[in-house]
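Offset between the sequence shown (1-based) and this note's numbering: plus 86. This report refers to the structure that appears directly beneath it.
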Amino acid sequence: MKIKLCGVRGSFQTSDAETKTFGTRTSCTMVVEDGELLILDAGSGIQHFNSINFSAKRVDILLTHLHMDHILGLGFFSPFFIPEQEVHIWGPKTSSQSLRTRLSRYLSPPLFPVLLRDLPCNLFFHEIGNAEFEINHFKIKSNYIIHPGPTIGFRVTGNHSVFTYMPDHEPALGRNGMIRNPKWISGFDIALNADILYHDAQYTSEEYQGKKGWGHSSIEDALQYASLCKVKNILLAHHDPAHSDDQLEKIYLNIKVISEGLTHYEVAKEGNEIDLP
Ligand SMILES: [Zn+2]
Ligand SMILES: [Zn+2]
Numbered sequence: 087m088k089i090k091l092c093g094v095r096g097s098f099q100t101s102d103a104e105t106k107t108f109g110t111r112t113s114c115t116m117v118v119e120d121g122e123l124l125i126l127d128a129g130s131g132i133q134h135f136n137s138i139n140f141s142a143k144r145v146d147i148l149l150t151h152l153h154m155d156h157i158l159g160l161g162f163f164s165p166f167f168i169p170e171q172e173v174h175i176w177g178p179k180t181s182s183q184s185l186r187t188r189l190s191r192y193l194s195p196p197l198f199p200v201l202l203r204d205l206p207c208n209l210f211f212h213e214i215g216n217a218e219f220e221i222n223h224f225k226i227k228s229n230y231i232i233h234p235g236p237t238i239g240f241r242v243t244g245n246h247s248v249f250t251y252m253p254d255h256e257p258a259l260g261r262n263g264m265i266r267n268p269k270w271i272s273g274f275d276i277a278l279n280a281d282i283l284y285h286d287a288q289y290t291s292e293e294y295q296g297k298k299g300w301g302h303s304s305i306e307d308a309l310q311y312a313s314l315c316k317v318k319n320i321l322l323a324h325h326d327p328a329h330s331d332d333q334l335e336k337i338y339l340n341i342k343v344i345s346e347g348l349t350h351y352e353v354a355k356e357g358n359e360i361d362l363p
């Protein structure tokens, strides 16, 4: 299984030279195995798709939720404009609106010139919450997790490895911080023993104090969460757009000291590819 990090920036795209090492584009990750592809989220990082050689009749996009930084790239996703191309979109609905209706709010004027219904491709919508399903040979489990609005995380099982994806997640939200009882930890079932957990690590602990309830995690909480869920590696992502490359380097120098004995971590960088057995 190969994990391609196409967009690891949180909240909104950055443009200045000071953020280009870790990456400017918002959430999008591709999972590739046996020539089959899954696209997780459709932030501006989905532009990397246009540079890969893709000719399959069907493509699948799995959306964790519909905040703009996770769907912004949809309007520029080239398969949308190819007649006969099958595009399957998986994601959460609300109690009153279908997934299609929710996405139409972005893919319609005045926010976007082309209406969703006028796209020439063959579009299929799959509404999911707590679910188990298969796409080609991938086995996927989705669970609702803590973040404003309906939001799910994904556990993707390939031939020999497990990748869990939770770019926006605040498991420490609550009066007593991180819950330690596995029964009540947000997303525990889909993170447990994963080979790699891709997780929200938007803030430092100090920044998090003023941003509780915004839906994101401190780096320290993300590391604690990974340990509680016994994951083998954690990829720390959804970097705050206010953090320059220099600031991120400094932040992670300090983290190195406090993370002794915790789960092995890597800091997600746009463009990086990770090979799992
Ligand atoms: Zn986000
Ligand atoms: Zn979000």
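Built from N, CA and C at the ideal position, the CB exists for glycine as well.
Where residue i falls: helix, strand or coil (DSSP)
i, result
"residue 294", "helix"
"residue 335", "helix"
"residue 210", "strand"
"residue 186", "helix"
"residue 217", "strand"
"residue 305", "helix"
"residue 95", "strand"
"residue 286", "strand"
"residue 264", "coil"
"residue 325", "strand"
"residue 224", "strand"
"residue 313", "helix"
Closest Cα partner of residue i within the set the options
i, options, result
"residue 347", "356, 316, 127 and 336", "316"
"residue 102", "331, 164, 352 and 350", "331"
"residue 283", "189, 154 and 352", "352"
"residue 112", "154, 140, 124 and 295", "154"
"residue 354", "319, 262 and 302", "319"
"residue 248", "279, 236 and 264", "279"
"residue 165", "139, 179 and 189", "139"
"residue 198", "160, 174, 171 and 133", "160"
"residue 267", "240, 314, 290 and 252", "314"
"residue 179", "236, 361, 241 and 143", "236"
"residue 167", "349, 200, 289 and 127", "200"
"residue 242", "281, 187 and 262", "281"
"residue 336", "289, 349, 362 and 359", "289"
"residue 93", "358, 362 and 162", "358"
Check whether residue i and residue j have beta carbons under 9 Å apart
i, j, result
"residue 285", "residue 312", "yes"
"residue 130", "residue 158", "yes"
"residue 151", "residue 233", "yes"
"residue 228", "residue 148", "yes"
"residue 304", "residue 287", "yes"
"residue 177", "residue 238", "yes"
"residue 110", "residue 125", "no"
"residue 230", "residue 216", "yes"
"residue 134", "residue 90", "yes"
"residue 108", "residue 293", "no"
Beta bridge counterpart(s) of residue i as assigned by DSSP
i, result
"residue 111", "Bridge partners of residue 111: none, in fact."
"residue 146", "124 and 174"
"residue 342", "DSSP, once it has assigned bridges, lists no residue as partnering residue 342."
"residue 229", "239"
"residue 319", "350"
"residue 88", "118 and 361"
"residue 249", "242 and 282"
Checklist entry - Below 8 Å, can you find three or more Cβ-Cβ pairs linking the segment 89-104 to the segment 210-218? => result no
Next on the checklist: I want to know whether the segment 218-227 touches the segment 120-130 - three or more CB-CB distances under 8 Å.
Outcome noted: yes
Checklist entry - If we count Cβ pairs, one from each stretch, closer than 8 Å, do we get three or more for the segment 246-261 versus the segment 300-308? => result yes
Item to check | Segment contact, 8 Å Cβ cut-off, at least three pairs: the segment 268-283 with the segment 193-206 | outcome: no
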